[in-house]
Amino acid sequence: MQKTVYYIEGDGIGPEVWAAGRPVLDAAVQKAYGGERRIEWVELLAGEKAHRETGEYLPGATMQALRGAQLAMKGPLTTPVGQGFRSLNVTLRQTLDLYACIRPIRHFKGVESPVKHPDAVDMVVFRENTEDVYAGIEYAAGSPEARRLLEFLRDELGANVDAAAGVGVKPITEHCSKRLVRKAITHALDTGRSSVTLVHKGNIMKYTEGAFRGWGYEVAAEEFAGRVVTEDSGQSADVVINDRIADAMFQNALMYPEQYDVLATTNLNGDYLSDALAAQVGGLGLAPGVNMGDTLAFFEPTHGTAPTIAGKDKANPGSLILSGAMMLEHAGMPEAAALIHASMDKVVSSGRVTVDLASQIPGATTIGCAAFGHLLGEHL
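Numbering-wise (the working numbering), the sequence shown opens with residue -6 and increments by one.
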């Protein structure tokens, strides 16, 4: 069996983590299946490398290939803050309808954490990926577009908004909310997870965040009756669905992480929460992720481009490698993924790690990006 995986190196530390990580993925497949299964890697261009070679940050050929793909991986891509081109990550998610950002978060033994019991954190975040404030519908303060929209809000709808404000729109739809929660519930049922928690700020934003909550309960009742019950039903089933207001969820994640399995969130809440949970288990260096639609699964590390350490052999390739393990599981190669997870446990526990992890492990020995990848390959 051969699986084609399209890949984008990414910007900043992207080429380094790819060079360290891809051999580990290939070695795991080889060790698990002895040549009976393999990955065919096909490079696509995006980001700064694409701009250098083609004059475009997101070439049409890249998008055409991805529209027909089932599996893809990428490194981090640059997005300027407050200026320049729009986020390539957001563009890819919206254009390819990768509506679910899925991030499993668990602790690796030996990594110190700011919380007392990081081993109690074992959650999977399902973050809606295509709407909310990330839809990009916003207008600068003082712009003609902002003035027109503010005039409409004041004159037609009676809203009390300062005429000097910048303004954005937060769309939340039934369709997008339900398909995200549907995928989260299906994952919980398929993997033996016991609960799905809808995270929202519906006490304040009743017709967007509150609607997300309501539509989540609807899809549970309409499509999973008998297998999913509400927290207050008094009944037993495979999965319990409940909800938590976002600020309370942050507190509960710190105090009672063992009570939560799968979290289904709106876009912005999921962005905050998944990073905060990663910090509880040692940071983004070992946090994998995937952006998934109905046909394409696009795996990626959750960290940024880290330009200050790019080219210095300091980056941690762990997030990319663990994202690759998620890809192997999704592609029907769970034995190879299990080898990677076991190797990561061994190497991290040994204390020979990259600088970001070494700062959190007493007595650790700092090694470079390439050496860390090599160690993971040796311990498969």
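Glycine residues also receive a C-beta, built at the ideal position from the N, C-alpha and C atoms. In this text, all values refer to a predicted model and were calculated from it rather than measured experimentally.
Express the C-alpha separation of SER187 and GLY233 in angstroms, rounding to a whole number.
-> In the sequence on display, residue 233 carries Val and not Gly. About 6 Å.
Alpha carbon to alpha carbon, how far is ASP183 from ILE95?
-> If I take the Cα positions, the gap works out to 15 Å.
Rounded to the nearest angstrom, how far is the Cβ of ARG99 from that of VAL274, given a contact under 8 Å?
-> Sure, about 6 Å apart at Cβ, within 8 Å.
Can the beta-carbon of GLY129 be found less than 8 Å from the beta-carbon of PRO69?
-> Between GLY129 and PRO69, the gap from beta carbon to beta carbon reaches 8 Å or more.
By the 10 Å Cβ neighbour count, where 16 or more other Cβ atoms means buried, how is VAL104 classified, buried or exposed?
-> Under this definition VAL104 is a buried residue.
Tell me whether LEU142 counts as near the ligand ATP, meaning its Cβ is closer than 7 Å to at least one heavy atom of that ligand.
-> With respect to small molecules bound, the structure shown includes none, and the ligand ATP cannot be examined in it.
If we ignore side chains and look at the alpha-carbon of each, how far apart do ASN284 and ASP225 end up?
-> One Cα belongs to ASN284, the other to ASP225, and the distance between them is close to 32 Å.
By how many angstroms is the C-alpha of SER106 removed from the C-alpha of HIS372?
-> The C-alpha of SER106 is placed about 24 Å away from the C-alpha of HIS372.
Looking at C-beta atoms only, is the number of pairs between the region -2 to 14 and the region 299 to 307 that lie closer than 8 Å three or more?
-> With the cut-off at 8 Å, the region -2 to 14 and the region 299 to 307 touch.
Give a yes or no on contact between the region 348 to 364 and the region 36 to 51, applying the rule of three or more CB pairs nearer than 8 Å.
-> The answer is no - the region 36 to 51 does not touch the region 348 to 364, with fewer than three Cβ pairs under 8 Å.
Determine, using beta carbons only, whether GLY276 and GLY14 come nearer to each other than 8 Å.
-> No. Outside cutoff.
Cβ of LEU38 within 8 Å of any chain D Cβ | Protein chain content of the structure displayed is limited to a single chain, and chain D is not contained in it.
In terms of residues, what are the limits of the beta strand (DSSP E) holding PHE101?
-> First-last for PHE101: undefined, no H or E at that position.
Under three-state DSSP, which class holds ASP112?
-> It is helical.
CB-CB under 7 Å to ASP115, same chain, minus the five flanking residues each way: which ones, in chain order?
-> Residues ARG99 of the same chain have their beta carbon placed closer than 7 Å to that of ASP115, with the five preceding and five following residues left out of the count.
Tell me the start and end of each unbroken beta strand (DSSP E) in the region 196 to 240 that is at least 3 residues and wholly inside, in chain order.
-> Complete beta strand (DSSP E) runs here, min 3: 221 to 223, 232 to 238.
Can you check the region 12 to 51 for any alpha helix (DSSP H) of at least 4 residues that lies completely inside it and give the ranges in chain order?
-> For the region 12 to 51, the full-length alpha helix (DSSP H) segments reaching 4 residues or more read 41 to 47 along the chain.
Could you name each continuous alpha helix (DSSP H) segment of 4 residues or more that falls completely within the region 100 to 174, going from the start of the chain to the end?
-> Runs found: 137 to 148.
Same chain, Cβ closer than 7 Å to PRO97, five either side skipped, listed in chain order = For PRO97, where only same-chain residues beyond five positions count, the Cβ hits under 7 Å are VAL117, PRO281.
Would you mind stating whether LEU332 and ALA25 have Cβ atoms separated by less than 8 Å?
-> Pairing LEU332 with ALA25 gives a Cβ-Cβ distance under 8 Å.
To the nearest angstrom, report how far apart LYS(-4) and ARG31 are at their CA atoms.
-> Using only the alpha carbons, I get a separation of about 7 Å.
Are the beta-carbon atoms belonging to VAL17 and ILE360 less than 8 Å from one another?
-> No; because the gap between Cβ atoms is not below 8 Å, this pair is not in contact.
What three-state label does DSSP hand LEU70 in the structure shown?
-> The answer is coil: DSSP assigns LEU70 none of H, G, I, E or B.
Cβ neighbours of ALA357 in the same chain (closer than 6 Å, five flanking residues each side left out) | Annotation for ALA357: GLY344, VAL346, ALA351 place their beta carbon closer than 6 Å to its own, counting only its chain and skipping 5 residues before and after.
Going by other Cβ atoms of all chains shown within 10 Å of its Cβ, with 16 needed for buried, is HIS168 buried or exposed?
-> Classification of HIS168: exposed, given that the 10 Å Cβ count is below 16.
Skipping 5 residues on each side, what residues in its chain have a beta carbon closer than 7 Å to that of GLY311?
-> Excluding positions up to five away in sequence, the list reads GLY278, LEU279, MET337.
Proximal residues to ASP254 (C-beta, below 6 Å), its chain only, five neighbours per side dropped | Once the five neighbours on either side are set aside, the close Cβ partners of ASP254 are ARG186, SER187, SER188.
Secondary structure of GLY370, DSSP reduced to three states = In this structure, GLY370 counts as helix in the three-state DSSP scheme.
7 Å Cβ shell around GLU376 - same chain, five flanking residues per side excluded | Here the chain covers residues -6 to 373 and nothing more, so residue 376 does not appear.
For GLU2, I'd like the list of residues in its chain whose CB is within less than 6 Å of its CB, leaving aside the five on either flank, ordered along the chain.
-> Within its own chain, the residues whose Cβ lies closer than 6 Å to the Cβ of GLU2, once the five positions on either side in sequence are excluded, are PRO8, TRP11, GLY68, listed in chain order.
Below 8 Å, can you find three or more Cβ-Cβ pairs linking the region 257 to 269 to the region 194 to 210?
-> Judged by Cβ distances under 8 Å, the region 257 to 269 makes contact with the region 194 to 210, as three or more pairs qualify.
Is LEU38 near LEU59, with beta carbons less than 8 Å apart?
-> No, Cβ-Cβ distance for LEU38 and LEU59 is not below 8 Å.
The alpha helix (DSSP H) spanning PRO327 covers which residue range?
-> That run of the alpha helix (DSSP H) goes 327 to 343.
Taking buried to mean at least 16 other C-beta atoms within 10 Å of its own C-beta, is ARG45 buried or exposed?
-> Its Cβ having fewer than 16 others within 10 Å, ARG45 is exposed.
By how many angstroms is the C-alpha of GLY28 removed from the C-alpha of VAL22?
-> One C-alpha to the other measures close to 8 Å.
Does DSSP put GLN76 in a helix, a strand or coil?
-> Here the model assigns GLN76 a pLDDT of 49, short of 50, so the residue's position is not dependable, and the following value carries that caveat. Secondary structure at GLN76: coil, using DSSP grouped into helix, strand and coil.
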